[in-house]
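Worksheet for the structure shown next.
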Amino acid sequence: MTATKTSAKAYRLLGNFTAEAEAWKAASELASTPEEQLTCLGASFQATGRAGDWTRASSSFDLLLEEVPEEQAKKFWAAAAQAAINAGRRSQAQLYIERLRTGGYEELAIQLEQGLKQ
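The sequence shown begins at 0 in numbering that gives the first Met the number 0 and counts up one residue at a time.
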């Protein structure tokens with residue numbers, strides 16, 4: 000699995016975000032714990048977003064997070080919102096921020112909204 004993660008990072012450095020996303024997805028399949036799997040899939044989501052395919056990234060990530068306990072998913076919703084903010088995808092970021100708010104994570108939602116305003 001370490002080699003797969005290294006490949007993903009190399010693809011990112013080369014600017015090949017589609018290949019990076021696929022490498023992270025492959026790493027998730029080799030993960031030994033659910034949290035490690037989710038971390039790899041989150042990285043795949045971010046790489047897919049960097050590649051410009053936000054619709055596909057969002058759909059697959061949303062399906063994944065439906066199977067994860069909400070407390071654990073919180074950090075991934077926040078990471079997804081931050082990735083969308085960094086990519087200039089304001090409406091996508093707002094969607095993830097609202098999911099955090101609905102889950103009762105108002106303070107985190109407010110922090111991310113401040114990033115949207117900048």
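The beta carbon of each residue, even a glycine, is placed where N, CA and C say it ideally should be.
Because the structure is a prediction, the values reported are computed rather than measured.
Item	Value
Boundaries of the alpha helix (DSSP H) in which PRO33 is found, first to last residue	33-49
Outcome for ILE109 when other beta-carbon atoms lying within 10 angstroms are tallied against a minimum of 16	exposed
Identity of the residue in GLN81, LEU111, ARG49 and GLU105 nearest GLY14 by Cα	ARG49
Whole-angstrom distance between GLU35 and SER27, CA atom to CA atom	7 Å
Presumed contact (8 Å Cβ cut-off) between LEU99 and TRP76, rounded CB distance	5 Å
Contacting residues, own chain, Cβ-Cβ under 6 Å from ALA42 (five flanking each side not counted)	TRP23
Proximity of GLY103 and GLN81 at Cβ, strictly below 8 Å	no
Of the residues ALA2, LYS8 and GLN91, the one placed nearest LEU29, counting alpha carbons only	ALA2
CB of PHE44 within 8 Å of CB of ALA7, strictly	no
GLU69 in three-state terms, based on DSSP	helix
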